[in-house]
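Everything in the sequence shown is counted per the numbering used here, starting at 767 for the first residue and increasing by one.
Input: a single structure, listed below in structure tokens.
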Amino acid sequence: MKGSCLCQTVTYEIKPPFKIFQYCHCSRCRKFTGSAFAPNLFVPPAQFNWITGEEYVGRYEVSDAKYFATQFCRQCGSSLPWLVQGGSNVIVPVGTLDESPNIEPQGNIFWNSHASWFKDVCELDKHDAFPTKKTK
């Protein structure tokens, strides 16, 4: 299964089976993604491989974090998979996959840290494109 950054400079592949697929609501994941949560797939390092552009991968580690780090494309800024501090897992931001992982999320982690403004997507209106402007 392949994934990439927005500009396609960095590509990677992962091989199933995967450990777990979770939504992380911690403040670090929210900051990194700019979203309410990060949909993350946990993959053993032996099942992950950079295909192209590894030299364009930037990394940031939070000094007081036990596991958290981030990686991104230095060209377009897209999130990319990252090896946790300690090396036990590669965290794959699911939105960077070029195809479905064929696994559904199993749960939410760090829920006590979830954004106060978060509202479940099922509760919101749904549109196939930009909604039409309402006329006065």
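A virtual CB, placed ideally from N, CA and C, is assigned to each residue, including glycine.
Note that this is a predicted model, so its numbers are computed, not measured.
{"Query": "Close-in-space but distant-in-sequence residues of the same chain around Phe-814 (CB under 6 Å, 5 per side omitted)", "Result": "Ile-780 and Val-856"}
{"Query": "N-terminal and C-terminal residue of the beta strand (DSSP E) that Cys-790 is part of", "Result": "786-790"}
{"Query": "Cα-Cα separation between Phe-784 and Asn-878, rounded to whole angstroms", "Result": "26 Å"}
{"Query": "Residue(s) in a DSSP beta bridge with Pro-897", "Result": "According to DSSP, which records beta bridges pairwise, Pro-897 is partnered with nothing at all."}
{"Query": "Inter-residue Cα distance where the pair is Gln-851 and Cys-839", "Result": "19 Å"}
{"Query": "Contact under 8 Å by Cβ, Val-858 with Val-809", "Result": "yes"}
{"Query": "Three-way DSSP call (helix, strand, coil) for Pro-810 in this model", "Result": "coil"}
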